[in-house]
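Q: In numbering that gives the first Met the number 0, the protein residues as written are 0 to 768.
Note that CB positions come from ideal geometry on N, CA and C, so glycine has one too.
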Amino acid sequence: MKDMDNLNGMPHVGMSLGILDEAWTYWKSFGGRNGFGVRKCYGRKGKDNIHSSYTFVCACEGERKKDKRDYLTKNPRAETRRGCKVLLALKFDKNCQQYKVKKCHLEHNHPLQKPEACYLIPTQREVPEIALIDINLADMSGIRPKESHELLSRQAGGVRSIGYTKDDLKSCLRDKRKKAMEYGAAVSILKYFEKRASEDPFLQHFEDITKNKEIANIVWMDGTMRVAYGRFGEVVIFDTTFGTNNEKWALGTFVGLNNFREIVIFGAALMCDQTTESFAWVFTKFVEANGGKKPITMFTDQDMAIGNALKQVLPNTKHGLCVWHIMKNAQKKLCKYKKKNDKNDKDDKNDNDDEDDEDDKDDNNDNDDSNDKKDKQGLMGEFLKCLFKYEEEEEFEKAFEALAGKLDKKDEKWKNGIYECKEKWAYCFMKNSYTLGIRSTQASESMNSDLKNYLSCKLDVNRFMEQFDRVVDAKREKEVKTEYEMRKKLPRVRYNIPIICEAGKLYTPNIFELFHKECEFFGSAYIESIDGHTYTVGMCNNINDKECSRKSRQVVWNRDDQSIACSCKKFERVGILCCHAIKVLDRDDIKNIPPNYILKRWTQNANDDIVVDREERVVIEDALLEARNRHAQLMRLLGPTCDMVSRDKEKFQFLWDELCSVRERVEERYGNPSKRTNDHVQDNPNSQPENSLRLKKKDGDNRSKRRKPWNENFSRKKKGSGGRVSSSQPLIRSSNNLSQDTSIENFGAANFGCYDQLEHIHDVSIIED
Numbered sequence: 000m001k002d003m004d005n006l007n008g009m010p011h012v013g014m015s016l017g018i019l020d021e022a023w024t025y026w027k028s029f030g031g032r033n034g035f036g037v038r039k040c041y042g043r044k045g046k047d048n049i050h051s052s053y054t055f056v057c058a059c060e061g062e063r064k065k066d067k068r069d070y071l072t073k074n075p076r077a078e079t080r081r082g083c084k085v086l087l088a089l090k091f092d093k094n095c096q097q098y099k100v101k102k103c104h105l106e107h108n109h110p111l112q113k114p115e116a117c118y119l120i121p122t123q124r125e126v127p128e129i130a131l132i133d134i135n136l137a138d139m140s141g142i143r144p145k146e147s148h149e150l151l152s153r154q155a156g157g158v159r160s161i162g163y164t165k166d167d168l169k170s171c172l173r174d175k176r177k178k179a180m181e182y183g184a185a186v187s188i189l190k191y192f193e194k195r196a197s198e199d200p201f202l203q204h205f206e207d208i209t210k211n212k213e214i215a216n217i218v219w220m221d222g223t224m225r226v227a228y229g230r231f232g233e234v235v236i237f238d239t240t241f242g243t244n245n246e247k248w249a250l251g252t253f254v255g256l257n258n259f260r261e262i263v264i265f266g267a268a269l270m271c272d273q274t275t276e277s278f279a280w281v282f283t284k285f286v287e288a289n290g291g292k293k294p295i296t297m298f299t300d301q302d303m304a305i306g307n308a309l310k311q312v313l314p315n316t317k318h319g320l321c322v323w324h325i326m327k328n329a330q331k332k333l334c335k336y337k338k339k340n341d342k343n344d345k346d347d348k349n350d351n352d353d354e355d356d357e358d359d360k361d362d363n364n365d366n367d368d369s370n371d372k373k374d375k376q377g378l379m380g381e382f383l384k385c386l387f388k389y390e391e392e393e394e395f396e397k398a399f400e401a402l403a404g405k406l407d408k409k410d411e412k413w414k415n416g417i418y419e420c421k422e423k424w425a426y427c428f429m430k431n432s433y434t435l436g437i438r439s440t441q442a443s444e445s446m447n448s449d450l451k452n453y454l455s456c457k458l459d460v461n462r463f464m465e466q467f468d469r470v471v472d473a474k475r476e477k478e479v480k481t482e483y484e485m486r487k488k489l490p491r492v493r494y495n496i497p498i499i500c501e502a503g504k505l506y507t508p509n510i511f512e513l514f515h516k517e518c519e520f521f522g523s524a525y526i527e528s529i530d531g532h533t534y535t536v537g538m539c540n541n542i543n544d545k546e547c548s549r550k551s552r553q554v555v556w557n558r559d560d561q562s563i564a565c566s567c568k569k570f571e572r573v574g575i576l577c578c579h580a581i582k583v584l585d586r587d588d589i590k591n592i593p594p595n596y597i598l599k600r601w602t603q604n605a606n607d608d609i610v611v612d613r614e615e616r617v618v619i620e621d622a623l624l625e626a627r628n629r630h631a632q633l634m635r636l637l638g639p640t641c642d643m644v645s646r647d648k649e650k651f652q653f654l655w656d657e658l659c660s661v662r663e664r665v666e667e668r669y670g671n672p673s674k675r676t677n678d679h680v681q682d683n684p685n686s687q688p689e690n691s692l693r694l695k696k697k698d699g700d701n702r703s704k705r706r707k708p709w710n711e712n713f714s715r716k717k718k719g720s721g722g723r724v725s726s727s728q729p730l731i732r733s734s735n736n737l738s739q740d741t742s743i744e745n746f747g748a749a750n751f752g753c754y755d756q757l758e759h760i761h762d763v764s765i766i767e768d
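This is the structure we're talking about:
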């Protein structure tokens, strides 16, 4: 354009403006400089389908049309049309193939915007394509639009320099989510997995599609999850979480413990319903995706459908129930018996106090306190002994029979049901199982806490998948930090004993602390008797640690084959030697841990194992790790360079020309790379999505709030009682403290996530050993 060399010039008749897009760009720029908005009015096309003329006007041109429904409007919008006559009429010149100004009127009948406010004019606002990358990254990172806009504004040099407002940013995000759900939730999920599979070739995902073309269940795991399961998948916790998406589908997570004894994710599932068929399908696909490897032990909630599914799919896997939920259900049934006897207990205590002589008062008070403490425990205390204390089946059967005899007939159903599944929760049946010290799905409580922070019942499935990836990334980042801290710091060895020094070099810090404590207990152990290869090991009575049992144990030690086994089953259950075995080894002058009793899963180099899939391919944790590292190197190189030249126009132009030249040479040599976006859905004109495919609707009510357990509703105040009790509605099922009447706090169990912390209950002698 000859007359476009100076874009700051005033329009005049006969001015050449090039093609139509260039003319519109000029008119928008002119309006922005002079403080008024612009819009296109109308254009006329010839037979050759080219606009022969076009008219641009001021945004205040014309008047609002009258609507017969205006009288119904309570709060009408303010008038924006004022009949402004400003226009720029163009006519196409076929000779020069350009548009020229035919008519021009520049006098407004309304006040113009001040220069500092011109950036708010709609035609002056536009979200550039390059900014969409940063906007989407900020959105996927959980940064709110307000903070995201402020960050990008500061990066651009101020709000006036960024070129768009916070509302424009929100509109872009809304359009992105609408586009992602264009073909429905089902197709959106499939396209999400398609995009993820292009980034991670070891991603596995399965969809349970019904005859009605409905997706009923989904299971997926990426390469990192599959590698983690191959290394640490002996014990799995399967937990279901509700209220994480607007489809009301349940989220099932497969988690376990890594070599640091921290939560690691093995896989995830979305389930429309919680039937035996659904759980069986999920478990089948989970095992199939991991090359047929089945867990040794799996912990779940007390659900009949889950139990039946495990019998079908994993008959040889030990099924353990969450003891936390067992106790919650027992609380509901047994706390009422304690309340019935409270009054009688107090009367008996008062009668005993009156009959006591003054000289024997102190001794009797001690006995009364002990008896009163046991009375307060009531039937709940007896049940907890069945749950954690008794090591022999005969003891358990006798105690449970005595407990059952004190129950009313209306509790027969609960008693029979809990007794039928005793092998899944009672200590005497679980002590020989390989559990890594886990007795509850609450070991995954940190995972549920993160899900609560990231997920919401208002999220669509596409947004849900993005947020779930954030949870997974946060967990993996924590693993990296833990690994870093381990290599940075040396373990604290309190006793310079060879076996402890060796353990400090082999085990991760958390496992070393457990082993170190066993070595401390070993100092209080002594050999009671020896019968061939069998050693009876006792513990001193003056030991005060509640985690160490005073019960004698039998240790079988064979020096020839270096095999050792203790009746406490610590190694078989947790994977580290107990203090009794260490005592026998020390007595026989064995100062190192026998190689057969060093589990690789607890060592510092446990992550060095290679995992192979069904096709004999080595599964790579992060297939794009090298690409990300190369990208980071380029950004570190270009970042300071851009900052150096951006303040000088000549330097900027030089770098700009060089980068454009380099880009052209790269595209010429390697082809035009695919456009980088952060959208899940990549438009492909050749692909036609299956529009008939949809997600199966969940049966039952559509409430977004979870159903409250009994012990939450029990403490709610009635209306008119002097105040309202605020009740939070968490997005997931969380563990609730037991009521004060049956508080397990008196039993000394502060955390019911891991077995090591469950067993040492005060005055009940629940111990690991």
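Could you round the C-beta distance between Glu482 and Lys430 to whole angstroms and report it? I think they count as a contact, below 8 Å.
A: Wrong, their Cβ atoms sit about 32 Å apart, outside the cutoff.
Q: Assign Gly638 to buried or exposed, taking buried as 16 or more other Cβ atoms, counted over all protein chains shown, within 10 Å of its Cβ.
A: Counting Cβ neighbours within 10 Å, Gly638 comes out exposed, since fewer than 16 surround it.
Q: Counting Cβ pairs, one atom from each stretch, are 3 or more of them under 8 Å apart for the stretch 512–520 and the stretch 573–581?
A: Flag = yes, the stretch 512–520 and the stretch 573–581 touch.
Q: Closest by CA to Arg572, which one among Gly436, Asn606, Lys99?
A: For Arg572, the nearest C-alpha among the options comes from Gly436.
Q: Lys247 to Thr209, Cα distance in whole Å?
A: Each residue's alpha carbon lies about 18 Å from the other.
Q: For the structure I just gave you, are there three or more beta carbon pairs, one from the stretch 110–127 and one from the stretch 18–32, closer than 8 Å?
A: Yes, they touch.
Q: Curious, which full-length beta strand (DSSP E) runs of at least 3 residues does the stretch 28–104 contain?
A: Whole beta strand (DSSP E) segments, 3+ residues: 37–44, 50–57, 86–92, 97–104.
Q: By how many angstroms is the C-alpha of Glu198 removed from the C-alpha of Lys771?
A: Lying before the first or after the last residue shown, residue 771 is absent from the chain, which here runs from 0 to 768.
Q: With 16 other CB atoms within 10 Å as the buried threshold, where does Asp66 fall?
A: Asp66 is exposed by the Cβ-count criterion.
Q: May I have the straight-line CA-CA distance separating Thr223 from Leu636, to the nearest angstrom?
A: Cα to Cα, Thr223 sits roughly 30 Å from Leu636.
Q: Please classify Glu411 as buried or exposed, where buried requires at least 16 other C-beta atoms within 10 Å of its C-beta.
A: Its Cβ having fewer than 16 others within 10 Å, Glu411 is exposed.
Q: Note down the Cα distance separating His50 from Tyr41, rounded to an integer number of angstroms.
A: Approximately 10 Å, taken between the alpha carbons.
Q: Distance check for Val286 and Asp300, CA to CA, integer angstroms please.
A: Rounded to whole angstroms, Asp300 to Val286 spans 19 Å at the Cα level.
Q: Leaving out five residues before and five after Thr79 in sequence, what residues of the same chain have Cβ atoms less than 8 Å from its Cβ?
A: Same-chain partners within the cutoff: Ala58, Cys59, Arg63.
Q: Give the list of continuous alpha helix (DSSP H) stretches no shorter than 4 residues that lie fully inside the stretch 113–190.
A: Listed in chain order, they are 128–139, 144–155, 158–161, 165–179.
Q: Checking 8 Å against the spacing of the C-beta atoms, do Phe387 and Tyr426 come in under that value?
A: In contact: Phe387 and Tyr426 (Cβ atoms closer than 8 Å).
Q: State the start and end residues of the unbroken beta strand (DSSP E) segment that holds Ala267.
A: Looking at the DSSP string, the run of the beta strand (DSSP E) that includes Ala267 is 262–270.
Q: Would you mind reading off the limits of the alpha helix (DSSP H) that contains His107?
A: Looking at the DSSP string, His107 is not in any alpha helix (DSSP H), and its letter there is neither H nor E.
Q: Three-state secondary structure (DSSP) at Ser528?
A: Strand.
Q: Counting only the same chain and skipping the five closest in sequence on each side, list residues whose C-beta sits under 8 Å from that of His11.
A: Hits under 8 Å: Val100, Cys103.
Q: Give me whichever residues DSSP pairs with Ser15 in a beta bridge.
A: Answer is Lys99, bridged to Ser15.
Q: Helix, strand or coil for Leu320? Go by DSSP, reduced to three states.
A: Leu320: strand per DSSP, three-state reduction.
Q: Curious, which full-length alpha helix (DSSP H) runs of at least 4 residues does the stretch 416–457 contain?
A: Entirely contained in the stretch 416–457, the alpha helix (DSSP H) runs reaching 4 residues are, in chain order, 426–429, 444–453.
Q: Work out the CA separation of Glu393 and Cys577 for me, nearest whole Å.
A: Roughly 25 Å separates the two Cα atoms.
Q: Taking C-beta to C-beta, are Val235 and Phe205 nearer than 8 Å?
A: Taking 8 Å as the Cβ cut-off, Val235 and Phe205 do not qualify as a contacting pair.
Q: Taking the alpha carbon of Tyr453 as the reference point, which residue from Asn244, Arg491, Thr296 has its own alpha carbon closest?
A: Considering only alpha carbons, the answer is Asn244.
Q: Determine the closest residue to Ala288 out of Val479, Phe201, Pro114, with distance taken between C-alpha atoms.
A: The candidate whose alpha carbon is nearest that of Ala288 is Phe201.
Q: Pull up the DSSP beta-bridge partners for Ser562, would you.
A: In the DSSP output, where bridge partners are listed per residue, Ser562 has Asn557.
Q: Take Tyr228 as the anchor and find which of Glu193, Ser566, Gly291 has the nearest alpha-carbon.
A: It is Gly291 whose Cα lies nearest to the Cα of Tyr228.
Q: So the beta strand (DSSP E) Thr239 belongs to, where does it begin and stop?
A: First-last of the beta strand (DSSP E) with Thr239: 234–240.
Q: Would you mind sorting Ser147 into buried or exposed? The rule is 16 or more other CB atoms within 10 Å of its CB.
A: Label assigned to Ser147: buried.
Q: Exposed or buried, His324, counting other C-beta atoms within 10 Å across all chains shown (16 or more means buried)?
A: By the 10 Å Cβ count, His324 comes out buried.
Q: Excluding sequence positions up to five away, which residues of its chain have a Cβ less than 6 Å from the Cβ of Glu465?
A: Cβ within range, chain order: Met139.
Q: In chain order, what residues of the same chain have a beta carbon less than 8 Å from the beta carbon of Tyr418, not counting five sequence neighbours either side?
A: Closer than 8 Å at Cβ, skipping near neighbours: Phe399, Ala403.
Q: Below 8 Å on the Cβ atoms is my contact criterion, and I expect Val312 with Thr283 to pass it. Report the Cβ-Cβ distance as a whole number of Å.
A: Yes, they are in contact, since the Cβ atoms of Val312 and Thr283 sit about 5 Å apart, within 8 Å.
Q: For the beta strand (DSSP E) containing Gln856, name the first residue and the last one.
A: Residue coverage of the chain in this structure runs from 0 to 768, which leaves residue 856 outside it and unanswerable.
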